[in-house]
Each structure stands twice: as C-alpha cells, then as structure tokens.
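Okay, structure first, notes after.
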Amino acid sequence: MSHIEDRLRDLGFQLGPAKAPVANYLGCKRVGDVLYVSARVSELRGALGIDVTLEEGRLAARETVLVILAIVKDAVGDLDRIASVDKMIGFVHSGPGFTQQPQVIDGASDLLVALWGDRGRHARTATGVAQLPYGSAVQLEMTMSMHPEA
Amino acid sequence: MSHIEDRLRDLGFQLGPAKAPVANYLGCKRVGDVLYVSARVSELRGALGIDVTLEEGRLAARETVLVILAIVKDAVGDLDRIASVDKMIGFVHSGPGFTQQPQVIDGASDLLVALWGDRGRHARTATGVAQLPYGSAVQLEMTMSMHPEA
Amino acid sequence: MSHIEDRLRDLGFQLGPAKAPVANYLGCKRVGDVLYVSARVSELRGALGIDVTLEEGRLAARETVLVILAIVKDAVGDLDRIASVDKMIGFVHSGPGFTQQPQVIDGASDLLVALWGDRGRHARTATGVAQLPYGSAVQLEMTMSMHPEA
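Protein chains in written order, with our numbering: chain F, 403 to 552; chain V, 403 to 552; chain H, 403 to 552.
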C-alpha cells in the first residue's frame, strides 16, 4: 500500500487522470535521483482578477497538483518513491493589477506539505503571466527527488 | 566526426552562430554532469496571435534550438558529449487570447528528439509572456546532462 | 570571518533582511550539494517602461540579490559555503514595448560576479511578465552549488 496515496484519501482527495503528453516531450524525466516534472495547467480557465477569484485559483492550483501526481505515479510506479519535493514554479494567469500570485500557489504548496510533511517543503517561484496554454488559470512545474533504487 | 552534427546535416539544418553573452553570465554552465543552458531568444520578433503566425512561431522555436546548440558545442567541444536533454522552458511572446504556446514550443522539442532520439525527450514548460527581450517571439532555456568524463 | 561578506562590505553593500516565507515553502532547499533558492521580489514596485526606469530596475535587481543572500546565509550559516551560482531566472515586470529585460537583470548578475568571481558566473534567463507579486518590479530565483560538507 502506498502511504502517500493513503494520506491523499484520508484528506478526501483522489489522483487526477494521468494524461500523457501529446507531443515530443515527457510527463516527467528522471535523471539519476532527480525527477523533472513537466508543467501542467489547470482545468479551470480564465484570468485571476478578471474571471477567476483568489479562492477559485487556489483550488485550481491544488487540483493541478493532483493531475501532476497522477502523472508522476504513472512514471515512477508509486508515489512513495518520491523522497522530497524540491522546487516548484507556479505561473498564474493574471489580469491587470492582480498581484496575489503567491496566495494562489499556496493551494499547491499546502497540499504537497500535507502529503509529504517537511520533505514536501520546497523552494518556490510564483509569478504572473499574461496568458497560459488553453487559457488556463494556473500552470505548475516541479522538480522532485526520488529515493535511490533499492 | 560528431554523430549529432551528422544527423543535423542529414535533416538539412546547420548550427546557428555561437554568440557569446555580452554581460556577466555564461552561455551555459556545467556543474558535475549537469549543463544549465542560458535562455536564447529567436531572431524573429513579434507576438504570436498579433504579428507572428503559429507556423512562424514553430520555426522560430526550431531555429532558436540551432543557436543554443551552437553555444553548447562551443562550450563543451562536441554535441556528442550531451547525453540527454532533460528540461526545457519555452516562453512564447503572446498577444491577447493566444493560447497555443505548446504547439509553438513543439518546434523545438521535435528537433531535439530528431537529433537525440529518446534521450532527447524532456520535461517541458511552455508558457505565455507579455514581452520578451528585443521583442522576440520565442525564448528557450534548457537543462542537459553530459556524458561523464572518460 | 566570511570572505564573501567581507567583499560585500568592501563594495559598500550590506545584506538585506532575511525574511522567512510566510507560507508552506522554504527560502531555500538543499538537496545534496544543490541549493534551490526561492524567488524573491524587489521592494521597488511598478513596471519597467511605465513607472520604473532601466537604472531603477537594475538597482532593484541588485537589491533583490542582497535579500536573497541574507536568506541563503540564514539557511546555510555562511555565504562562504556557496561554491558557485549556477542558474538564475529573472522576471521583469514589463510595460508594453519594454524589451530590455537582460539589462535590468545585469544588475543582479554583476553583483554575483563581483562577489564570487568566475564561480559567480551563471546560466541565465531574463524574461518579461505582465505582473509580479505585490506589483514588484523584479523577481529573481537562483540555483547554487554548495561546497561538500567537510
């Protein structure tokens, strides 16, 4: 049994669908014990400060983590093989004057720490962009560490 | 003879000019077997969705790879020393409502995979920004792995 | 005595305040000898090309480095433990038509090289975004290498 998936269920969440990329790139790439995870965008579309509220953006960030974790599980077999979350960049689709990008991305950080505890704490960049793929509200990319092969 | 450069020629391409940065940073920095490659912008200027078409953007992304590879060759001596392409961030200068950033960056990903095969497949972020240096259409940064020193 | 802090004083600078993040992420995360440093924004607010000049932006980039170095010192104990600066991404809050992002971020790169010499030279991305947290002018994130534990 996967401890991380147990905790996810205890928190009332479930993994999103593990959609493979449709082009010449990977959902994640492992290099030694480093796992580079491709960016995913939220299902929720729209710009913060225009048609998406802060609370909706925060939930979108959290749901994007669930999609990313499904892809990571698919790639590495078991989320328990992730030793730590090291870095995250969160791009927030921001209307003019919207400056609460960190509060949006907190929705992602909080879930990662709820799942991995201190090992889920990460270095982070939260920034604002004018446009995202498909008009999405939030985009996240991560770098993780894996437990060395037994 | 360099296998990667052979393949490049077979595909009908040639390396761009290896312009060194004009400021206090490097074209790429090697740390152990990790090669951090500085961002380069496309020669093509303009915003996708305003004055640059999707197909023009895709070609600009591909040509930016050729410029980056020239810089990498200049830094490491031979492109055959690159073991894999691990991560790429593509910033697309996007006009209002342009949301096909991934399709633009596919122009870069496709060439990397044509050259390095599966080892060229990478984790990727394609995002939209309001402005790029010199008004360029596309900007790419990469992280690569090098073969350990013989 | 810290050599890097000595040099900082000789240059007439002092470390900024080491403000800890107020959310579920870290000022920096160490993974082996890699140090991922979270993005920090400048105190200076406003957009380049609208209400911030190039020279003001350059100074803001430099001051943001001083804030980041205070956080790094707080996390690792002594800036002399930093072996090299490997990568930096600089996001510049850019008004319409502002395209001198690299010249703004030079303010950060120049200080890093003044402090660490050639080991301070880094791979770099300077890009333009429509909005930053708190409306700040500049945002910087870095990846550094640490000297292995003695």
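The beta-carbon is built from N, C-alpha and C at its ideal position, and this holds for glycine as well. Since the structure is predicted, the reported quantities are computational estimates derived from the model, not experimental observations.
Query                                                                                                               : Result
Partners in chain V for PRO528 (chain H), counting only beta-carbon separations shorter than 8 Å                    : It should be pointed out that residue 528 (chain H) corresponds to Ala in this sequence rather than to Pro. Result: ALA441, PRO535.
Three-state class that DSSP yields for ILE452 (chain H) in the structure shown                                      : coil
Proximity test, Cβ basis, 8 Å: PRO504 (chain F) and chain H                                                         : yes
Nearest candidate by alpha-carbon position, reference MET548 (chain H), set H:ASP520, H:ARG409, H:THR501, H:LEU481  : H:LEU481
Proximal residues of chain F, C-beta to C-beta of ASP488 (chain V) below 7 Å                                        : LYS431, VAL433, TYR438
Residue range of the unbroken beta strand (DSSP E) whose run includes GLU543 (chain V)                              : 540-548
Straight-line Cα distance separating GLY418 (chain V) from LEU471 (chain V)                                         : 8 Å
Inter-residue Cα distance where the pair is GLU407 (chain V) and ARG523 (chain H)                                   : 28 Å
Contacting residues, own chain, Cβ-Cβ under 8 Å from ILE507 (chain H) (five flanking each side not counted)         : ALA463, MET490, GLY492, VAL494, ARG526, ALA528, VAL540, LEU542
Local Cβ density within 10 Å of LYS421 (chain H), reported as buried at 16 or more and exposed below that           : exposed
Which of helix, strand or coil DSSP assigns to THR466 (chain F)                                                     : helix
Range covered by the beta strand (DSSP E) that runs through ARG526 (chain F)                                        : 525-531
Interface partners of ALA532 (chain V) on chain F, CB under 9 Å                                                     : VAL531, ALA532, GLN533
Span of the beta strand (DSSP E), counted from its first residue to its last, around ASP488 (chain F)               : 484-495
Beta bridge counterpart(s) of ARG409 (chain H) as assigned by DSSP                                                  : DSSP output for ARG409 (chain H) lists no bridge partner at all.
Beta carbon of VAL478 (chain V) nearer than 8 Å to that of LEU514 (chain V)                                         : no
Nearest neighbour of ALA441 (chain V), chosen from V:VAL469, V:SER404, V:ASP512 [CA to CA]                          : V:VAL469
Per DSSP, the bridge partner or partners of LYS431 (chain H)                                                        : H:TYR438
Beta-carbon neighbours of ALA422 (chain F), restricted to chain V and to distances below 8 Å                        : The contacting residues do not exist; ALA422 (chain F) stays about 12 Å from chain V at best.
Selected residue, minimal CA-CA separation from ASP532 (chain F), among F:GLN503, F:ASN426, F:TYR427, F:ALA425      : First, the amino acid is wrong: residue 532 (chain F) is Ala here, not Asp. The option with the nearest alpha carbon to ALA532 (chain F) is F:GLN503.
Assigned exposure category for GLY530 (chain V) - 16 Cβ within 10 Å defines buried                                  : buried
7 Å Cβ shell around CYS430 (chain F) - same chain, five flanking residues per side excluded                         : LEU437, TYR438, VAL439, SER440, ILE473, VAL474, ALA477
Amino acids of chain V, ordered along the chain, whose beta-carbon sits closer than 7 Å to that of LEU428 (chain F) : ARG523, HIS524, ALA525
Under 8 Å between C-beta atoms of ASP520 (chain V) and ASN426 (chain F)                                             : no
Chain H contact residues for GLU543 (chain V), given Cβ-Cβ distances below 7 Å                                      : THR527
Closest by C-alpha distance to SER496 (chain F), when choosing among H:ASP453, H:THR545, H:GLY537                   : H:GLY537
Any chain V beta carbon closer than 8 Å to PHE500 (chain H)                                                         : yes
Bounding residues of the alpha helix (DSSP H) (the contiguous stretch that carries ASP512 (chain H))                : 503-518
Assigned exposure category for MET403 (chain H) - 16 Cβ within 10 Å defines buried                                  : exposed
Contact list for VAL515 (chain F) against chain H, beta-carbon separation under 7 Å                                 : ASN426
Anticipated Cβ contact below 8 Å, GLY451 (chain V) with GLY499 (chain V), distance rounded                          : 6 Å
Neighbour flag for PHE493 (chain H) against chain F, beta carbons, 8 Å                                              : yes
Contact under 8 Å by Cβ, PRO550 (chain F) with THR501 (chain V)                                                     : no
Neighbour-count burial assignment, VAL454 (chain V), 16 or more Cβ in a 10 Å radius                                 : buried
Exposure of VAL424 (chain F), with buried meaning 16 or more beta-carbon neighbours within 10 Å                     : exposed
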